[in-house]
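Undergrad: Reading the sequence shown from the start, the letters are residues 814 to 1179 in the working numbering.
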Amino acid sequence: MSEALKSLSSAGVSVWLDDLSRERLETGNLAELVTTRSVVGVTTNPTIFAGALADGERYTAQVAELTAGGASVDEVITTLTTDDVRAACDVLAEVHAGAPADGRVSIEVEPGLAHDTEGTIDQAVMLWSRVDRPNAMIKIPATPAGLPAITAATARGISVNVTLIFSVERYRAVMDAWLTGLEQAAAAGLDLSGIHSVASFFVSRVDSEVDARLTANGTEEALALRGKAALANARLAYAAFEEVFDSPRFRALSGANVQRPLWASTGVKDPSYPDTLYVTGLVVDGVVNTMPAATMEAFADHGEVQGDTVSGRGTEAAAVLADLAGVGIDFDDVLTVLEREGVDKFIASWNDLVATVRAQMEVTGE
């Protein structure tokens, strides 16, 4: 057992692993991480599945069987990914039984649907049905087209992981979409206590984009702000979370759960920063931190919990953004660029996944 990760968990941060592969499942590694690394959830995305399938001979036999049965590339991808997520849900079933907000495994709708509301809704319903586990979560992007899909999925009782959130303004729209879904679910007579959600607020990519602009500026004042934007943005998001879920609107929803903030993209991109920066700097009771394996192992080895590093720091965070504006950083433009790039990157990863599966189908079909 890692004492550092145990301390993080004791501070109220749910540790989720941002990785999944059939190898982790079949070797018992995921189950081991539950015991030794305090892991209580898993997130996936097309990049993760593309990597797992590219490396994995463990998929070969199933790909061959599906190919022989006449399955299309999309059908093969759906079967492989939902099988892995279902198996991971089963590994985490005991965790989920003890803490229903955790023990969760997320699977993402096809990124190409990011601007297609109805397509997103249809696929969310399909994936929820195919995985068929109460501790699954369907990842829907926080694009303008994704917002009504979040509402529609929630209204059907589907637990949703809202992904690709960069701005506090968009985060507020996400919380509104989720609350609207809960209100519709309540009107339909659903038990709200069984519906859960997390809002995945991306962290490290903010520093990557802002730091590049600060470096281009080159002034002493600008360079002094490197590495500060991401934490400030996340802390402002948490302040918005506290405001919304302490509102009469939320309290009127009998039995409803809060939509927990989830810190995503917590792997440090700049090697000059501490490799646990986006874990230590975002500790507060009731949030999720989903970590790449390398970040998790770094924190297990030398991470420190320095108390609550988020609550009550909204004014300080707002001052950082004001300072950024003072040196000419257009933060709204930063966030617009990051959302567009985020969708584009996931679509590229999806295309890689399709190409990987198609190549395996061609080999196994020979």
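Built from N, CA and C at the ideal position, the CB exists for glycine as well.
(1) Could you give the DSSP three-state label for T1103: helix, strand or coil?
(2) Give a yes or no on contact between the stretch 1085 to 1104 and the stretch 1007 to 1019, applying the rule of three or more CB pairs nearer than 8 Å.
(3) Return the CA-CA distance between V1081 and A1001, expressed in angstroms with no decimal places.
(4) Along the chain, where does the alpha helix (DSSP H) that runs through K819 open and close?
(5) What span of residues does the beta strand (DSSP E) with E921 cover, start to end?
(6) Assuming M1109 contacts V886 under a Cβ cut-off of 8 Å, what Cβ separation, rounded to an integer in Å, is found between them?
(7) On the premise that V908 lies in contact with I951, defined as a C-beta separation below 8 Å, what is that separation, rounded to the nearest angstrom?
(8) Determine the contact status of A998 and G970, defining contact as a CB-CB distance below 8 Å.
(9) Could you give the first and the last residue of the continuous alpha helix (DSSP H) run that contains S1162?
(10) By Cβ distance below 7 Å, which residues in the same chain neighbour L1090 in space, the five residues on each side in sequence not counted?
(11) Give the straight-line distance between the Cα atoms of L1003 and E982, rounded to the nearest whole angstrom.
(12) With DSSP as the reference, label I978 as helix, strand or coil.
(13) Taking all protein chains shown into account, do 16 or more other C-beta atoms lie within 10 angstroms of the C-beta of L1036, making it buried, or fewer, making it exposed?
(14) Please tell me whether A906 and G916 are closer than 8 Å, where the distance is taken between their beta carbons.
(15) Which residue spans inside the stretch 1005 to 1066 form an unbroken beta strand (DSSP E) run of at least 3?
(16) Buried or exposed: S942, going by 16 or more other Cβ atoms within 10 Å of its Cβ?
(17) Among residues of its own chain, excluding the 5 on either side of T848, which ones have a beta-carbon nearer than 8 Å to its beta-carbon?
(18) Looking only at its own chain, which residues have a Cβ that is under 8 Å from the Cβ of A1138, when we skip the five neighbours before and after it?
(19) Closest to R899 by CA distance: which of G854, A824 and S1162 is it?
(20) Using C-beta distances below 8 Å, list every residue in its chain close to L821, excluding the 5 sequence neighbours before and after it, in chain order.
(21) Find out if the Cβ-Cβ distance for the pair R1171, R1048 is shorter than 8 Å.
(22) Roughly how many angstroms separate the alpha carbons of A966 and G959, rounded to a whole number?
(23) Could you give the distance in angstroms between the alpha-carbon of F1058 and the alpha-carbon of D989?
(24) Alpha carbon to alpha carbon, what distance is there between A1065 and N1164?
(25) Check whether the Cβ atoms of S1078 and F1015 sit closer than 8 Å, and answer yes or no.
(26) If you run the structure through DSSP and keep just helix, strand and coil, what is R850?
(27) What are the start and end residues of the alpha helix (DSSP H) that includes A1077?
(28) Out of I920, R837, E1129 and L843, which one is the CA nearest neighbour of N1188?
(29) Using the DSSP secondary-structure output, state which residues sit across from L1137 in a beta bridge.
(30) Quick one: what's got a C-beta closer than 6 Å to L977's C-beta in the same chain, skipping five residues either side?
(31) With DSSP collapsed to three states, give me the class of P961.
TA: Per the coordinate set shown:
(1) The answer is strand: DSSP assigns T1103 an E or B state.
(2) Counting Cβ pairs under 8 Å, three or more are found: they touch.
(3) Their Cα atoms are separated by approximately 44 Å.
(4) E816 to S823 is the extent of the alpha helix (DSSP H) around K819.
(5) Start and end: R917 to E921.
(6) Contact flag wrong, Cβ pair sits at about 32 Å.
(7) I951 to V908, Cβ: 19 Å. No contact.
(8) Yes, they are a contact pair.
(9) Element bounds for S1162: F1144 to T1177.
(10) Only V1081 meet the Cβ criterion.
(11) CA-to-CA, the gap between L1003 and E982 works out to about 29 Å.
(12) I978: strand per DSSP, three-state reduction.
(13) Burial call: exposed.
(14) Their beta carbons are under 8 Å apart, which means A906 touches G916 by this criterion.
(15) Entirely contained in the stretch 1005 to 1066, the beta strand (DSSP E) runs reaching 3 residues are, in chain order, 1010 to 1015.
(16) Exposed: under 16 other Cβ atoms inside 10 Å.
(17) For T848, where only same-chain residues beyond five positions count, the Cβ hits under 8 Å are M814.
(18) Around A1138: F1144.
(19) Looking from the CA of R899, the closest CA among G854, A824 and S1162 belongs to G854.
(20) Within the same chain, L821 has close Cβ partners V828, S851, V1092, V1096, N1102, F1112, G1116 and V1118.
(21) No. Outside cutoff.
(22) Answer to the nearest angstrom: the Cα atoms are 10 Å apart.
(23) Rounded to whole angstroms, F1058 and D989 show a C-alpha spacing of 11 Å.
(24) If I take the Cα positions, the gap works out to 44 Å.
(25) In this structure, F1015 lies closer than 8 Å to S1078 by Cβ.
(26) Correct three-state label for R850: coil.
(27) That residue, A1077, is in no alpha helix (DSSP H); its beta strand (DSSP E) goes R1073 to A1077.
(28) There is no way to answer for residue 1188, as the model of the chain reaches only from 814 to 1179.
(29) DSSP output for L1137 lists no bridge partner at all.
(30) P954, A955 and G1155, listed in sequence order.
(31) Helix at P961.
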